[in-house]
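Numbering (UniProt numbering), first residue to last: 1 to 306.
Okay, so here's the structure we're looking at.
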Amino acid sequence: MYMDKPVAVKIIRPPDDDENGAMAARLEKQFNREVTLLSQLHHQNIIKLVAACKKPPVFCVVTEYLSGGSLRAFLHKLEKKSLPLHKLIPISLDIARGMEYIHSHGIMHRDLKPENILFDQDFHLKIADFGIACREANCDILSEDPGTYRWMAPEMIKHKHKHYGRKVDVYSFGLLLWEMLSGTIPYEDMTPIQAAYAVVNKNMRPVVPADCPSPLRTLVEQCWSLNPEKRPEFWQIVKMLEQFESSLASDGTLNHVQNLLCHDHKKSLLHRIQKLASISDDSTPCLNPEFYSFCLHNLLVLLGIL
Numbered sequence: 001m002y003m004d005k006p007v008a009v010k011i012i013r014p015p016d017d018d019e020n021g022a023m024a025a026r027l028e029k030q031f032n033r034e035v036t037l038l039s040q041l042h043h044q045n046i047i048k049l050v051a052a053c054k055k056p057p058v059f060c061v062v063t064e065y066l067s068g069g070s071l072r073a074f075l076h077k078l079e080k081k082s083l084p085l086h087k088l089i090p091i092s093l094d095i096a097r098g099m100e101y102i103h104s105h106g107i108m109h110r111d112l113k114p115e116n117i118l119f120d121q122d123f124h125l126k127i128a129d130f131g132i133a134c135r136e137a138n139c140d141i142l143s144e145d146p147g148t149y150r151w152m153a154p155e156m157i158k159h160k161h162k163h164y165g166r167k168v169d170v171y172s173f174g175l176l177l178w179e180m181l182s183g184t185i186p187y188e189d190m191t192p193i194q195a196a197y198a199v200v201n202k203n204m205r206p207v208v209p210a211d212c213p214s215p216l217r218t219l220v221e222q223c224w225s226l227n228p229e230k231r232p233e234f235w236q237i238v239k240m241l242e243q244f245e246s247s248l249a250s251d252g253t254l255n256h257v258q259n260l261l262c263h264d265h266k267k268s269l270l271h272r273i274q275k276l277a278s279i280s281d282d283s284t285p286c287l288n289p290e291f292y293s294f295c296l297h298n299l300l301v302l303l304g305i306l
């Protein structure tokens, strides 16, 4: 309990054999980054930061307590049965809206998987665990603590020491969709290392169930495309899922869905600019640092310099 409200406490501490203090230094950096990012995110589909305490070598991140458990625990109770569409679509929308908000702030989660998605008492989902999240403009190298390989984008596995972008989260979302459709974890018959090798060297993806509706299959396959540029942005995913929801409410199928996913780089760029630019009281544009970095990068791309 904290301030008479139930909370969850994440304790971060180095192992006892951390003789030179390298692990402690890395964990302190992780703690500082997680607290900084969470303190800036305020959305109904993002876990709320309540407090943080720092007494090296032990650090604590205090968040709201979500009584519904994790998406992983929920899927496990289904005993390898797929989620019906009337549950899958709202769950997917909660996740996509949370991720759209995160990306609109120039942040990458980098560890999107069922264990890090939690239900509240009203069965709404919130994205949690920002331990390896970072700002896209200045993301550090993940050399020791990568997200789980089964949900990790190929460019993230291959280029842990090189730059990759926010589309790694879209790839992970595609695997999440597949897992809810199939009722099993990705590459269940492989070790995480074997799965990573197959994804990178054989471009392997799980088999989409034969009874998956065509629009949903298209969304899954676009999300886990090998080329990050061919993956949709989360704002596009939200639009598509909202169409799924409307079609489902109409006649219980996805037959009325139109293809809203587009890969027009200019349209995508314009949407991101509008998200990252804020307007002050006197209607004068006030641009945040992520906006400057994002526009510079994309200008260089459009000019063919990058």
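All C-beta atoms, glycine included, are put in the ideal place defined by N, C-alpha and C.
Check: In whole angstroms, what separates the C-alpha of PRO209 from that of SER92?
Finding: Distance between the alpha carbons of PRO209 and SER92: 17 Å.
Item checked: Those residues which DSSP pairs with ARG135 across a bridge -> In DSSP, ARG135 forms a bridge with ILE107.
Check: Which of the three DSSP states, helix, strand or coil, is assigned to THR184?
Finding: Coil at THR184, not helix or strand.
Note to self: Classify ASP145: buried if its beta carbon has 16 or more other beta carbons within 10 angstroms, exposed otherwise.
What the structure shows: Low local confidence applies: a pLDDT of 45 at ASP145 is under 50, so the model's placement there is unreliable, with the coordinate-based value given in what follows. It counts as exposed.
Next item on the list: Can you grab the Cα-Cα spacing for the pair LEU254 / LEU248, in whole Å?
Entry: Each residue's CA atom was taken as its position, placing LEU254 and LEU248 some 6 Å apart.
Check: Near PRO14, which residues of its chain fall below 7 Å by C-beta distance, leaving aside the five closest residues on each side in sequence?
Finding: Apart from the 5 residues on each side of it in sequence, PRO14 sits with its Cβ closer than 7 Å to the Cβ of MET23, ALA24, LEU27, PRO57 in its chain, given in chain order.
Notebook entry, point to check: For PRO206, does the count of other Cβ atoms within 10 angstroms reach 16, so buried, or fall short, so exposed?
Noted result: Residue environment for PRO206: buried (at least 16 other C-beta atoms within 10 angstroms of its C-beta).
Next item on the list: Report the rounded CA-to-CA distance for LEU216 versus GLY131, giving the unit in angstroms.
Entry: LEU216 and GLY131 have their C-alpha atoms some 30 Å from each other.
Next item on the list: Return the bridge partner residues of VAL80 from the DSSP annotation.
Entry: Looking at the sequence provided, one finds Lys at residue 80 rather than Val. The partner list for LYS80 (beta bridge, DSSP) is empty, contrary to what the question assumes.
Next item on the list: Can you tell me the Cβ-Cβ gap for LYS81 and GLY183, rounded? I've got them flagged as a contact below 8 Å.
Entry: Sure, about 5 Å apart at Cβ, within 8 Å.
Notebook entry, point to check: Where does ASN32 land, buried or exposed, given buried means 16+ other C-beta within 10 angstroms?
Noted result: Counting Cβ neighbours within 10 Å, ASN32 comes out exposed, since fewer than 16 surround it.
Notebook entry, point to check: With distances taken between CB atoms, is the gap from ARG72 to GLU34 smaller than 7 Å?
Noted result: Contact flag unset, no.
Checklist line | Rounded C-alpha distance that separates ARG97 from SER246 | finding: Each residue's Cα considered, the two are about 16 Å apart.
Notebook entry, point to check: Hey, how far is the Cα of VAL50 from the Cα of CYS134?
Noted result: Cα-Cα distance, rounded: 20 Å.
Next item on the list: List the DSSP bridge partners of SER59.
Entry: At residue 59 the sequence reads Phe, which differs from the Ser that was named. Note: PHE59 sits in a beta bridge opposite ILE12, LYS54.
Notebook entry, point to check: When DSSP labels each residue in this structure, what does LYS113 get in the three-state scheme?
Noted result: Secondary structure of LYS113 (DSSP, three-state): coil.
Checklist line | Residues near LEU241 by beta carbon distance below 7 Å, same chain, minus five either side | finding: Its chain contains ILE89, SER92, LEU93, ALA96 as the residues whose beta carbon lies nearer than 7 Å to that of LEU241, once the 5 sequence neighbours on both sides are disregarded; these appear in chain order.
Notebook entry, point to check: Do the CB positions of VAL200 and PRO232 come within less than 7 Å of each other?
Noted result: Not closer than 7 Å, so no.
Check: What is the residue span of the alpha helix (DSSP H) that LEU219 lies within?
Finding: Per DSSP, LEU219 belongs to the alpha helix (DSSP H) from 214-223.
Notebook entry, point to check: Anyone know if the C-beta pair for HIS109 and ASP189 falls short of 7 Å?
Noted result: Taking 7 Å as the Cβ cut-off, HIS109 and ASP189 do not qualify as a contacting pair.
Margin query: Once DSSP output is grouped into helix, strand and coil, what is the label at TYR2?
Written below: DSSP places TYR2 within a strand segment (E or B) once states are collapsed to three.
Checklist line | Nearest candidate by alpha-carbon position, reference ASN203, set MET152, GLU179, GLY252 | finding: Relative to ASN203, the option among MET152, GLU179, GLY252 whose CA is nearest is MET152.
Next item on the list: Please report the residue range of the alpha helix (DSSP H) in which ILE127 lies.
Entry: DSSP places ILE127 in no alpha helix (DSSP H) but in the uninterrupted beta strand (DSSP E) bounded by 125-127.
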